[in-house]
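Down below is the structure, laid out as structure tokens.
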Amino acid sequence: MAEAHPVGFQWVVEAKNRGAKVIHVDPRFTRTSALAHTYLPVRAGADIAFLGGVINYILSNEKDFREYVVAYTNASMLVSEDFQDTEDLDGLFSGYDSELNTYDQGSWQYAGQQDEGQEEGESHADRETASGLEQESHGPPIPADVPRDPTLQDPRCVYQVLKRHYARYTPEVVERLCGVPQEKFLEVCEAWTANSGRERTTALVYSVGWTQHSVGVQYIRAGAIIQLLLGNMGRPGGGVMALRGHASIQGSTDIPTLFNLLPGYLPMPHFQQHQTFDQWIDAIRHPEQSGFWANAKSYAVSLLKSYWGDAATEENDYGYGWMPRLTGDHGTYQQVLDMIDGKIKGYFLLGQNPAVGSAHGKAQRLGMANLDWLVVRDLYMIESATFWKNGPEIATGEIVPEECKTEVFFMPAASHAEKEGTFTQTQRMLQWREKAVEPPGEARSELWFFYHLGRKIKERLAGSTRPRDEGVLNLAWDYPVHGELSEPSGEDVLKEINGYDLTTGKLLSTFTEMKPDGSTSGGCWIYTGVYQDGVNQAARRKPGSEQNYVALEWGWVWPANRRTLYNRASADPDGKPWSERKKYVWWDAEKGEWVGDDVPDFEKTKPPSYRPPEGASGVEAISGDDAFIMQGDGKGWLYAPSGLIDGPMPTHYEPAESVFRNPLYGQQANPTRKVYERSDNLTNPSPPEKHSEVFPYVFSTSRLTEHHTAGGMSRQLAYLSELQPEMFVEVSPELAAERGLEHMGWAHMVTARAAIEARVMVTDRLTPLRIDGRVVHQLWMPYHWGSEGLVTGDSANDLIGITLDPNVLIQESKVGTCDIQPGRRPTGPELLTYVQGYRDRAGLTPGHHTPIETPRDADDGQQ
Amino acid sequence: MGSNSLYGPLDPAPDAGYTDAPPRMGFFTDTSVCIGCKACEVACKTWNAVPDDGFDLLGQSYDNTGGLTANSWRHVAFIEQPRSSSGAATDTPGAFAGLPVGPSSIPATNVVAARTAPDTGTAPGIPPAVDALAAAATAGSEFLGAPAAPGCGSGGCGSSHSGAATPGSASPGSATPGSAQAGGGQFLGMPMTDLPGRVAEAPRTDFRWLMMSNVCKHCTHAGCLDVCPTGALFRTEFGTVVVQEDICNGCGYCISACPYGVIDRREDDGRAWKCTLCYDRIGDGLTPACAQACPTESIQFGELSELRERAARRVKNLQENGVAEARLYGHDSSDGVGGDGAFFLLLDEPEVYGLPPDPHVPTRDVVSMWKRAGLAALTMAATAVVAFAGRRQ
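So the protein sequences, as listed, match chains V and E.
The first sequence begins at 1 in the working numbering and counts up by one.
The second sequence begins at 1001 in the working numbering and counts up by one.
The structure is reproduced here in structure tokens:
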């Protein structure tokens, strides 16, 4: 956190000065470790073993916050008798389909609901469109009458299922899989549990290194299970906080730059699943289910009204027919491969530098070199704009500048200081930024660019009678422009996002005012209220000293300015604070409403004693003690009966590239991971495949404080470049001795994709670990360098292949295997020969297939 | 000139002639909360338009600045070293205690490492004695460094590592796989790569990574100021020491006069440059750029008297919480420079951070030197008088 989020780390330092204990778990000793009380080196890619160990510690020592767990989680619900665990099936859950490599989720359901789960075909489609998690965020169709055992004794209740699942994740196993000494592991367990409960809460903070794995979503799930068991959700000082990699990554999922989502987490329509408007709406709201998604039609209609204005009418389903449709996987990696295959002709790149920053840099560059046109909007001439003349493939002959047909249009972009708008940070807080200076020269804001691009496209298409142009022609593209640059107003857009009552022209103040009849508009329902009372609430800057510590008048947090989600859980089922020390939101019986320091995340006047009438659905079906109001059953999920492609509970799988056979199960790696098996995306062999010893080391990559991601914003600046001027690789003294690496000498790293070179940093901050009886060396690289800028170097991401998490299609870029050798890599065509030599030795010959299912009796390549 | 003008406790601004001087301002740099982010270096350069210092990877941990120079007025030092657990009094137990050292015990790994091992029998696998080098040789490229030659490197042999695999390992059922070692534990053929202070075979006990943002000390008795012949260096009303770039003639006297080695001449213009404690900012009531940018309040700016009290509380607090080695540096107005305007909380001896343990202003002895010189002159004169007088006799 100190490395990648130094500004946020000030609060950790402050907490430490007030007596907090700081524990840091990381494959290498970083600037964070330097200030932590306890540092635990850990093997990259074994986090579920670690977290599962914590869960086992909690359950086997009964350290859970039992009243909270019974009241607010699904611990007491009974799971179907058909369910079989990975402990029964050697690493697979019941319902696995070997053909599609997905699950029929019927057996994962609660008792009596086996018919509800996704079938394997649907799971497969969900994986293609990264929509599996929609069920989790939207709540699955769960009827209210699930059989329960509040005593948590029934062997089929979630609590017992969970306990059995993690029973083998003992401290000994954690040590064996992660390399963490047992006593240090137990120190973490004791600290975490001792600081949780009625009187205390613990926050779990992770960075994106946790997500970039083939089981990334399950990493986070494992953390969430711990926080639920310990009663740390919905309470002050608790929660799971994701430190995002950029200033507004949260904003870019709320109002998404993702192919599968529309604003406010509405799903992008699928051409088969959502052929009609009603199919689309019902897929979001599940007519019989409880919770706030029941009003999805209001949110969806308001969105379509903001897109098409008066042209969106009840008769034409508010323009639903003009919406584009998903036909499958259109994720960024599929797109790159489609570019290589000539299926995609044009590409827009905005604030992104995939030639350096995305996994498998060579595929990125070769894909972009095979386009008709490419538009790059950035602050500088980044590698993704110059790959065709300066990329590493020029030397190898894979790209010939004179023959590269991609026409690159470079558009200078305004920086954050040169345009107005909002950032949405990890707490879901929108903060308005003013423009400090005009952008220089021809640099323009994204808002300017897209407004005028849309305007010109509409002008070009004017008069067209082709049905496919109707959607564009009918767009409500009526933004007033200002100043010499004809810049649209960011505040106008924020108002459009907030939404209007179209009958009165007034801005909406909350999403509950949205209507399903086309009388309201709103560009993102969860943001409704950001312009409440006609005031830009995101621009509020009331100092902390002038309000309570929750600081409701600093910026604005979605939804409805709630600072902590699910904060109904900060009170007990009767509505009383769990403790005086941790009181936050509670039921005031005299006033007959929920009160407290934050905006209650509950219907304001629904008493704790409320029980839904028979047959209720939607908001009415939420009980007075259902704290997790967006879930179909109102409960926090320790066990996810649906919503996850790869299983209802996190399970330790080895990374897609590992030097170890999975010590726990026959199943080696995530059996549902998304793979793209092609000759230009080879995967290093892992046991039980043969020849994993060709790539005997584990590597990870991450950021340095001194640079920003792919370097477009830092390698062009002398003051940052001088602080970390060159690509390097960190190795332990032991690995340096083993491979003959010299401090500050050269070394090169090799995978099945590429060989890159770097200067060697021999440091005690990396250490060998003993895993499963063997010593393993880990090495680490920053990934900031490329061929442009004041300081240049090879890109670590060139080493990484494309293997994705099945739920969200994020790449496994935080762990892989490689070889490291002293000296510089070959240059020119010899580089290709050199890497091919490794492929040959690793058995990655034509026709090679990476096994997905790996039962224990499979031929084991280990000696 | 007051009695302590050249040495001893002093409030420098009034001594320099300011009437109604504002309180003396300074920095307290608390290294116990420094995270080494270098925001201070960047903020300083940005505000003061200091040129970059070149793009050199120094290999000194994460320090690529190297030191305080004319072009780096803040410098974050990174001290990365093992430490004996006995001397460590922090609340951090041995970070690496009980972890394995030594080479990987996978035979095939060692085969690749040794490059001379017998056939592993894995076809296509790793062919005997054919590896990166051989592949490169066939490709006709000379890209690799010096080829590995059999025999021991300068610091030790590969085989010496194999016995050191598991001292103190707490892992049950993980006995040292000596047999596996035998398969590939051959010569590694490389020089030793040890960092100063440890050897690869040594078991890891403890480790530390100290960070400190260094800066001009703005001494009470500033040698640079005392020796400056042009008046380019002057004492401000805030008690700080600033070079006036339009007056400095580049004589360089100040450089040898600084007991900390801070002030430096810029190569391309020859003039002396150093931290101004953001004289142009503090005059307007602003915080100096480095302190403003510091995210963890490691760099604190304020009235020196208040900072000294704050620092004393901080050091007491740390020591009470088990950080016995916490200490202040440069806070003492009776030290060799009369106390620093920019002082530090350190977690070890000053030498560990590259700071002089007992700095003295070189002009400390000017009075006594002049007295002695005067005495000598008098003596010479007296001798001469006596000599002449004697001749008359």
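Glycine included, each C-beta is placed from N, C-alpha and C at the ideal position.
Annotation for V:L804: K674 and Q811 place their beta carbon closer than 6 Å to its own, counting only its chain and skipping 5 residues before and after. For E:W1209, the chain V residues whose C-beta falls within less than 8 Å of its own C-beta are F29, R31, S33, A34 and R765, listed in chain order.
Burial check for E:R1235: the Cβ neighbour count within 10 Å reaches 16 or more, so the residue is buried. Following the DSSP letters along the chain, one finds V:I48 in no beta strand (DSSP E) but inside the alpha helix (DSSP H) bounded by residues D47 to S60. For the options V:A569, V:L304 and V:D282, the alpha carbon positioned closest to that of V:S519 is the one of V:L304. With a 10 Å radius around the Cβ and a threshold of 16 neighbouring Cβ atoms, E:N1317 comes out exposed. From the beta-carbon of E:D1056, the residues of chain V found nearer than 7 Å are P725. Around the C-beta of V:W746, 16 or more other C-beta atoms lie within 10 Å, and the residue is accordingly described as buried. Sequence-distant partners of V:Y96 (beyond 5 residues in either direction) whose C-beta falls short of 7 Å from its own C-beta, in its chain, are Y103 and P671. Taking a Cβ-Cβ threshold of 9 Å, the residues of chain V close to E:N1064 are E706, E722, L723, Q724, P725 and E726, in chain order. V:D794 carries a coil assignment under DSSP once its states are collapsed to helix, strand and coil. Taken atom to atom, the span from the alpha-carbon of V:M514 to that of V:G523 is near 11 Å.
Shown here for V:G711: same chain residues with a beta carbon closer than 7 Å to its own, the five before and five after excluded, namely V356, H784, W785, G786 and G789 in chain order. Close CB contacts of E:Y1329 within its chain, under the 7 Å cut and outside five residues either way in sequence, are with F1343, F1344, L1346, P1350 and L1355 (chain order). Residues of the segment 1293–1306 of chain E with a C-beta atom less than 8 Å from some C-beta of chain V are P1295, T1296 and E1297, listed in chain order.
According to the DSSP assignment, V:W308 belongs to the alpha helix (DSSP H) that extends over A296 to W308. Within 10 angstroms of the beta-carbon of E:A1077 lie 16 or more other beta-carbons, which makes it buried. The beta carbon of V:R759 falls within 8 Å of a beta carbon belonging to chain E, placing the residue at that interface. A straight line joining the alpha-carbon of V:S679 with that of E:S1061 spans about 39 Å.
Residue state for E:C1219 is assigned as strand, using DSSP reduced to three classes.
With at least 16 other beta carbons inside 10 angstroms of its own, V:A294 counts as buried.
The C-alpha of E:V1337 is placed about 8 Å away from the C-alpha of E:R1364.
At a cut-off of 8 Å between C-beta atoms, E:A1326 does not count as an interface residue with respect to chain V. Contact with chain E is absent for V:R43, since none of that chain's Cβ atoms lies less than 8 Å from the residue's Cβ. Chain order gives the chain V residues near E:C1037 as A2, E3, P6, V7, F9, R31, T705 and E706, where near means a beta carbon separation below 9 Å.
A distance below 8 Å separates the beta carbons of V:Y838 and V:D819.
Per DSSP, E:S1256 is not a residue of any beta strand (DSSP E); the alpha helix (DSSP H) it occupies stretches across Y1253 to A1257. When the beta-carbon positions are compared, V:N684 and V:E657 come within less than 8 Å of each other.
Sequence-distant Cβ neighbours of V:S80 in its own chain, meaning closer than 6 Å and more than five residues away, are S107, Q109, A111 and Q114. In this structure, the CA atom of V:K458 is about 6 Å from the CA atom of V:L473. Scanning V:D772, V:S813 and V:A754 for the CA closest to the CA of V:G828 turns up V:A754. Residues of the segment 531–552 of chain V with a C-beta less than 9 Å from any C-beta of chain E: none at all.
Near chain V, meaning a CB-to-CB distance below 7 Å, the residues of the segment 1066–1082 of chain E are E1080 and P1082. Under DSSP, V:P488 forms a beta bridge with V:V481. V:S131 is the residue among V:Q364, V:S131 and V:M381 whose C-alpha sits nearest the C-alpha of V:H270.
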